[in-house]
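Please read the structure below before turning to the comments.
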Amino acid sequence: MADHLGPSSSFASIENNEFDVIIIGGGTAGLVVAHRLTEDSNTNVLVIEAGSDRKNDPRVYTPGLMSLLYGDPEVDWDYMTPPQPGLKGRQLGHARGKMLGGSSGINFSALFYPSKAGFDAWAALGNAGWEGDSVLPYLRKFHTFHAPPKATTDVIKLDYLKHSMQGTDGPLQVSFGDSYSPGNQAWMDTFRALGYEINNDPITGQAIGAFTNTHTVHPDTRERSYSRTAYYDSDTAKRPNLHVLVEAFVEKIIFNESDGSITATGVQFRTKDGEQHTVTARDEVVLSAGAINSPQILELSGIGQRDRLESLGIPVVIDNPNVGENLQDHPSSHISYELAEGIMSGDALVNPEVTKQLLELYESSRAGPLGGSWLSGAYMPFVEANGPVTEEKIKTLIDSHIDGDNLSPGLVKQYKLLCELLKNSNESSGEYLYLPFQINMRDVLSLSDLMNKKDTPGQFITIMVMLNHPFSRGHVHITSPDPLVKPTFDLQLLSHPLDVEILGRHTQYIEKIASTEPLASMLKAGGKRIPSNRTAHHLEDAKDIVADRVITVFHPAGTCAMMPRELDGVVNERLIVHGTRNLRVVDASIFPLEPLGNIQSVVYLVAEKASDIIKEDRRK
1494 MADHLGPSSS FASIENNEFD VIIIGGGTAG LVVAHRLTED SNTNVLVIEA GSDRKNDPRV
1554 YTPGLMSLLY GDPEVDWDYM TPPQPGLKGR QLGHARGKML GGSSGINFSA LFYPSKAGFD
1614 AWAALGNAGW EGDSVLPYLR KFHTFHAPPK ATTDVIKLDY LKHSMQGTDG PLQVSFGDSY
1674 SPGNQAWMDT FRALGYEINN DPITGQAIGA FTNTHTVHPD TRERSYSRTA YYDSDTAKRP
1734 NLHVLVEAFV EKIIFNESDG SITATGVQFR TKDGEQHTVT ARDEVVLSAG AINSPQILEL
1794 SGIGQRDRLE SLGIPVVIDN PNVGENLQDH PSSHISYELA EGIMSGDALV NPEVTKQLLE
1854 LYESSRAGPL GGSWLSGAYM PFVEANGPVT EEKIKTLIDS HIDGDNLSPG LVKQYKLLCE
1914 LLKNSNESSG EYLYLPFQIN MRDVLSLSDL MNKKDTPGQF ITIMVMLNHP FSRGHVHITS
1974 PDPLVKPTFD LQLLSHPLDV EILGRHTQYI EKIASTEPLA SMLKAGGKRI PSNRTAHHLE
2034 DAKDIVADRV ITVFHPAGTC AMMPRELDGV VNERLIVHGT RNLRVVDASI FPLEPLGNIQ
2094 SVVYLVAEKA SDIIKEDRRK
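The opening residue of the sequence shown carries number 1494 in this note's numbering; numbering runs sequentially from there.
As structure tokens, then:
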């Protein structure tokens, strides 16, 4: 019997080619499912991951070095949108983790929690068992919370925390940083002055106001905690019933059609040496390749729109035009402000000597900002220049921009639910973020450019706002039968006019935040701002800033939506692909609606719940 000491890129390390469950993708969700299923020693699981294991890469384990990963083809799928009409023709690069642990290994380590109302909307789309009360307990299951020292608590005002709601024994390590600045404290005090002191712990699923988010960093080592280290630790790697193959590129899923039943029987892939292999699944195949690669693999395997597949010479297994549709992301607008004299920000890192000193500090003692968090957030209702948008104005906006004609049944129901969320003053329409550095959009295509280009001299902070519940929909589709050809990835950001109206008003409120004490005193009087040629005080100017400066925050979702087939769905409430007996999808592609907040927590939640669903079905 071969030793189980970790992942391998050699097919020879696999003792046989038949497994109970085959998981395509060893990313954020895939490793969760692998870990949970192999808790039963009688369940034999194979994970196939296209990327390599980067656990020992300092860019991965050092939280503050994540931007060095972006654009590196060894670790980043590095997708690019076509020109986006809603963004004045701009293209947007899109980082996706290509490694064990997936995007949890390259993200900002930020952990934001979703809302109960958002999951209730999922359930209302025909997904019994996905109501907020049913799924929110999974937020505790995936993590262990580490309380910060009192000195940190005093700076970032954590009185709202409900310690009884935090996870106590989950694999993912969650903590607060130790490098918060006066800006983080001013952020909390400013929202209090605006009347938006946080009214609840976000983990409860209902919170409005400013807070400091936790992050996925182990407080003892100050290293990133992510799916690879949390769910595929040394003990898990020794399980004889778990096999992990890396640097293996899946080409397609193999099906058997008999007696009107379509069964996934195996997976075809190539290892890094170019050799093609096939492995057999006795019970089921779980597709966890992410919101871009999962629909790609379904279409390559013959599940998708008939005309598209036939035009590429791919035999049609199941005709479902919903595959790859319903793509959503959180569009984010932002304004950068110059800080008053003597106040430093992350822009100081443009100085190589400063960066060198911080690296040396982190490597020698795991201290300093590279091992911590510097974000603060706020969940806000629908606001505009001077405060909340009135119920009457919201109704007028909806009536002016939502037309049920020519919409599919699923989209009609989605929009109805989104409008209810927009009108709910207890639901966050926009997530505001405090970022201690400038964002300069000139000539920016990639996330690496966005993070590392500091074209304007000086020290800046950025106030960003993210649209939590977008109406715009894009798509992901293959253009070739060659698995190595990237699919089209068209976000179609701001293609729905209501997104422009909502995000424009939220952008106006950025100016309100910046002019409110104590944050206002941190900004240089008459100082530079980015963009420099206009403010967001007037709505039309704010909308123009949105078109010029909106970026994605890399939360693609929805392309294999969990909804009934007649409502444009791809998988059912037990995550089984419509028309198949035993093929499931478990990743962000199954989100029918984009959830509130950064989606990392929801991917872990979905994977934990999916694991329980699979275990239940295996016992039947």
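The beta carbon of each residue, even a glycine, is placed where N, CA and C say it ideally should be.
Do residue i and residue j have their CB atoms nearer than 8 Å?
| i | j | result |
| --- | --- | --- |
| A1878 | F1684 | no |
| K1650 | G1625 | no |
| D1757 | T2073 | A quick correction: the sequence has Ala, not Asp, at residue 1757. Yes, they are a contact pair. |
| T2045 | D1896 | no |
| I2003 | L1805 | no |
| G1861 | L1868 | no |
| G1598 | F1635 | no |
| E1856 | L2076 | no |
| I1995 | H1827 | no |
| Q2001 | L1960 | no |
| S1718 | T1709 | yes |
| G2020 | F1930 | no |
| S2104 | V1525 | yes |
| Y1689 | A1703 | yes |
| F1512 | N1537 | yes |
| V1809 | E1818 | no |
| L1618 | K1906 | yes |
| V1969 | G1923 | no |
| I2083 | V2064 | yes |
| F1504 | T1764 | yes |
| H2048 | G2062 | no |
| L2060 | P1902 | yes |
| L2098 | V1553 | no |
| V2043 | L1987 | yes |
| R1715 | R1859 | yes |
| A2050 | A2081 | yes |
| G1951 | A1730 | no |
Rank the options by C-alpha distance to the C-alpha of residue i and give the top, closest one.
| i | options | result |
| --- | --- | --- |
| S2014 | S1718, D2061, R2074 and I1836 | I1836 |
| S2008 | I1995, D1992, T2028 and L1991 | T2028 |
| P1556 | G1499, G1670 and L1820 | G1670 |
| G1767 | E1920, S1502 and R1998 | S1502 |
| P1712 | D2041, P1642 and I1995 | P1642 |
| Y1830 | S2082, I1932 and F1748 | I1932 |
| P1980 | I1516, V1847, H1989 and R1801 | R1801 |
| D2110 | E1750, K1731 and V1514 | V1514 |
| P1976 | V1876, N1786 and S2025 | N1786 |
| K2005 | H1968, S2104, P1881 and I2092 | P1881 |
| Y1927 | T1536, V1969, A2018 and S1866 | S1866 |
| Q1761 | V2063, A1543, V2064 and Y1673 | A1543 |
| L1539 | L1738, H1656, Y1653 and Y1925 | L1738 |
| R1998 | A2018, A2035, L1987 and E1740 | A2035 |
| M1573 | Q1985, V2096, N2026 and I2069 | Q1985 |
| S1596 | K2113, K2108, N1749 and S2094 | S2094 |
| Y1606 | T1707, N1600 and S1893 | T1707 |
| N1600 | R1799, Y1563, R1633 and Q1584 | Y1563 |
| E2066 | L1604, S1506, I1516 and W1615 | W1615 |
| H1459 | I1691, Y1631 and I1696 | The first residue shown for the chain is 1494 and the last is 2113, placing residue 1459 beyond what the model contains. |
| A1686 | L1820, R1775, P2011 and D1898 | P2011 |
| I1811 | N1844, G1759, N1749 and M1934 | N1749 |
| P1575 | I2106, D2037, G1967 and L1900 | G1967 |
| S1921 | D1613, N1813, N1510 and F1875 | F1875 |
Per DSSP, residue i is paired with what?
| i | result |
| --- | --- |
| H1968 | D1983 |
| I2069 | R2077 |
| G1590 | D1569 |
| L1928 | T1955 |
| T1848 | DSSP output for T1848 lists no bridge partner at all. |
| M1559 | The partner list for M1559 (beta bridge, DSSP) is empty, contrary to what the question assumes. |
Establish whether the CB of residue i and some CB of chain C are separated by less than 8 Å.
| i | result |
| --- | --- |
| R1966 | Checking the listed chains, one finds no chain C in this structure; it contains a single protein chain. |
ask   = Given 8 Å as the limit, is there contact between the stretch 1674–1690 and the stretch 1710–1727, that is, 3 or more CB pairs closer than that?
value = no
task = Would you check if the stretch 1584–1603 and the stretch 1566–1575 touch, i.e. whether three or more CB-CB distances between them fall below 8 Å?
result = yes
query = Looking at C-beta atoms only, is the number of pairs between the stretch 1780–1787 and the stretch 1509–1526 that lie closer than 8 Å three or more?
reply = yes
query = Touch check for the stretch 1635–1655 and the stretch 1874–1890: three-plus C-beta pairs under 8 Å?
reply = no
key: Stretch pair the stretch 1787–1797 + the stretch 2055–2062: three plus CB contacts closer than 8 Å   = no
ask   = Does the pairing of the stretch 1577–1584 with the stretch 1523–1541 give three or more beta-carbon distances under 8 Å?
value = no
message = Tell me whether the stretch 1735–1753 and the stretch 1793–1803 touch, counting them as touching only if at least three CB pairs, one residue from each stretch, are closer than 8 Å.
response = yes
inquiry  = For the stretch 1989–2003 against the stretch 1915–1929, do three or more pairs of beta-carbon atoms, one drawn from each stretch, fall closer than 8 Å, so that the two count as touching?
reply    = yes
query = Curious, which full-length alpha helix (DSSP H) runs of at least 4 residues does the stretch 1640–1681 contain?
reply = 1643–1649
task = List in chain order: all unbroken beta strand (DSSP E) runs of 3+ residues lying wholly within the stretch 1865–1917.
result = 1869–1873
request  = Tell me the start and end of each unbroken beta strand (DSSP E) in the stretch 1603–1639 that is at least 3 residues and wholly inside, in chain order.
outcome  = 1636–1638
query = Taking only runs of the beta strand (DSSP E) that begin and end inside the stretch 1685–1730, which ones reach a length of at least 3 residues, in chain order?
reply = 1702–1704
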